[in-house]
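Engineer: A single structure is presented below for examination.
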Amino acid sequence: MRIAVDMDEVIADTHAAQRAAYAQAGFTASDADLHGKHLRDLAPSDAVQQVQLQMSEGSFFANLDVIAGAVDAMADLYATHEVFIATAAMDYPASCAHKIAWLDRHFPFIAKDRIVLCGDKSIINADVLIDDHSRHFTHFAGQGVLFDALHNKTTDWPHRLTDWADVHTTLERIAR
8 MRIAVDMDEV
18 IADTHAAQRA
28 AYAQAGFTAS
38 DADLHGKHLR
48 DLAPSDAVQQ
58 VQLQMSEGSF
68 FANLDVIAGA
78 VDAMADLYAT
88 HEVFIATAAM
98 DYPASCAHKI
108 AWLDRHFPFI
118 AKDRIVLCGD
128 KSIINADVLI
138 DDHSRHFTHF
148 AGQGVLFDAL
158 HNKTTDWPHR
168 LTDWADVHTT
178 LERIAR
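Residue numbering for the sequence shown follows our numbering, beginning at 8 and increasing consecutively.
Take a look at the structure:
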């Protein structure tokens with residue numbers, strides 16, 4: 008099976024870094040506040056601008072934490088499937104080099120030619136796309152798997168991955 012995996016909030020904990028950046032800008036929100044929402048949806052515009060500026064500089068993406076269980080799950084998937092990283096890096100073009108360095112540091116087994124830096128993920132030719140944003144599934148030809156995140160808690164999607172421990176069960180259901 009050919010599997011494309013998003014980076015931010017799927018294998019890289021971008022949310023935690025954004026939370027820290029918003030806290031530095033003077034805004035905090037509880038998990039309950041963020042149920043179905045992004046931090047930028049709730050924060051004052053000056054805090055949003057400050058965090059967006061940090062993210063646009065690119066180095067924001069250099070030191071993200073890894074999502075729990077992602078390294079082992081990805082290594083296992085990589086050994087048994089054709090796996091690609093498909094990240095919408097064009098949202099923050101200056102992030103490209105930082106994202107590649109981050110992947111090299113945390114996922115050294117992923118070959119550089121298996122990293123796709125893109126904007127519109129409909130160009131991805133894969134059986135499955137694991138992503139935290141259902142908007143990327145709209146024109147994607149394969150099956151979308153929604154990776155659970157606070158911002159997508161209210162999104163109804165047939166295939167949801169709540170954590171990396173369930174990836175094989177989810178993929179088996181899709182393959183049937």
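C-beta: ideal position from N, C-alpha, C; glycine also.
Taking the alpha-carbon of ASP83 as reference, which of ASP72, ILE10, GLU64, ALA36 has the nearest alpha-carbon?
Structural biologist: As a first step, residue 83 is located in the sequence shown; it is residue number 76 there, counting from the start. Nearest option by C-alpha distance: ILE10.
Engineer: Tell me which same chain residues have a C-beta within less than 7 Å of the C-beta of LEU71, skipping the five on either side of it?
Structural biologist: Indexing the sequence shown from 1 puts residue 71 at position 64. Excluding residues within five positions, the ones whose Cβ falls inside 7 Å are ALA19, ASP20, THR21, ALA24, TRP109.
Engineer: My output table needs one value for LEU168: the three-state DSSP class, helix, strand or coil.
Structural biologist: For this step, residue 168 is matched to residue 161 along the sequence shown. Note: LEU168 maps to strand in three-state DSSP.
Engineer: Taking only the alpha-carbon atoms, compute the straight-line gap between ALA96 and LEU153 and give it to the nearest angstrom.
Structural biologist: Against the sequence shown, residue 96 aligns to sequence position 89. Against the sequence shown, residue 153 aligns to sequence position 146. If I take the Cα positions, the gap works out to 19 Å.
Engineer: Where does THR35 land, buried or exposed, given buried means 16+ other C-beta within 10 angstroms?
Structural biologist: Position 28 of the sequence shown holds residue 35. Label assigned to THR35: exposed.
Engineer: List the DSSP bridge partners of GLU89.
Structural biologist: In the sequence shown, the residue the question calls residue 89 occupies position 82. Note: GLU89 is bridge-paired with ARG9 in the DSSP secondary-structure output.
Engineer: Among ASP127, ALA77, SER66, ASP120, which one has its Cα closest to the Cα of HIS140?
Structural biologist: Here residue 140 corresponds to residue number 133 of the sequence shown, with the count starting at 1. HIS140 has its Cα closest to that of ASP127, out of ASP127, ALA77, SER66, ASP120.
Engineer: Excluding the 5 residues flanking MET14 on each side, which residues of the same chain have their C-beta closer than 7 Å to its C-beta?
Structural biologist: Taking the sequence shown and counting its residues from 1, one reaches residue 14 at position 7. Closer than 7 Å at Cβ, skipping near neighbours: ILE92, THR94, LYS106.
Engineer: Between the beta-carbon of GLY151 and the beta-carbon of LEU168, is there less than 8 Å?
Structural biologist: As a first step, residue 151 must be located in the sequence shown, where it is residue number 144. As a first step, residue 168 must be located in the sequence shown, where it is residue number 161. The Cβ atoms of GLY151 and LEU168 do not sit closer than 8 Å to each other.
Engineer: Residue ranges of each alpha helix (DSSP H) run of no fewer than 4 residues wholly in the stretch 70 to 121, ordered along the chain?
Structural biologist: When DSSP assignments are scanned along the stretch 70 to 121, the uninterrupted stretches of alpha helix (DSSP H) that are 4 or more residues long and fall wholly within it turn out to be 77 to 87, 103 to 113.
Engineer: Could you round the C-beta distance between ASP40 and LEU49 to whole angstroms and report it? I think they count as a contact, below 8 Å.
Structural biologist: As a first step, residue 40 is located in the sequence shown; it is residue number 33 there, counting from the start. As a first step, residue 49 is located in the sequence shown; it is residue number 42 there, counting from the start. The pair is a contact, with the Cβ atoms about 6 Å apart (cut-off 8 Å).
Engineer: Whose C-alpha, out of HIS143, PHE147, ARG142, is nearest the C-alpha of ASP134?
Structural biologist: As a first step, residue 134 must be located in the sequence shown, where it is residue number 127. With distances taken between Cα atoms, ASP134 lies closest to PHE147.
Engineer: Where do the N-terminal and C-terminal ends of the alpha helix (DSSP H) with LEU46 fall, by residue?
Structural biologist: Numbered from its first residue, the sequence shown carries residue 46 at position 39. Taken as a continuous stretch (DSSP letters only), the alpha helix (DSSP H) holding LEU46 covers 46 to 49.
Engineer: Which two residues bound the contiguous alpha helix (DSSP H) that contains ILE131?
Structural biologist: Against the sequence shown, residue 131 aligns to sequence position 124. First-last for ILE131: undefined, no H or E at that position.
Engineer: Please report the distance separating the alpha-carbon of ALA77 from that of ALA156.
Structural biologist: Sequence index remark: in the sequence shown, residue 77 carries index 70 (1-based). Sequence index remark: in the sequence shown, residue 156 carries index 149 (1-based). Between ALA77 and ALA156, the C-alpha separation is close to 14 Å.
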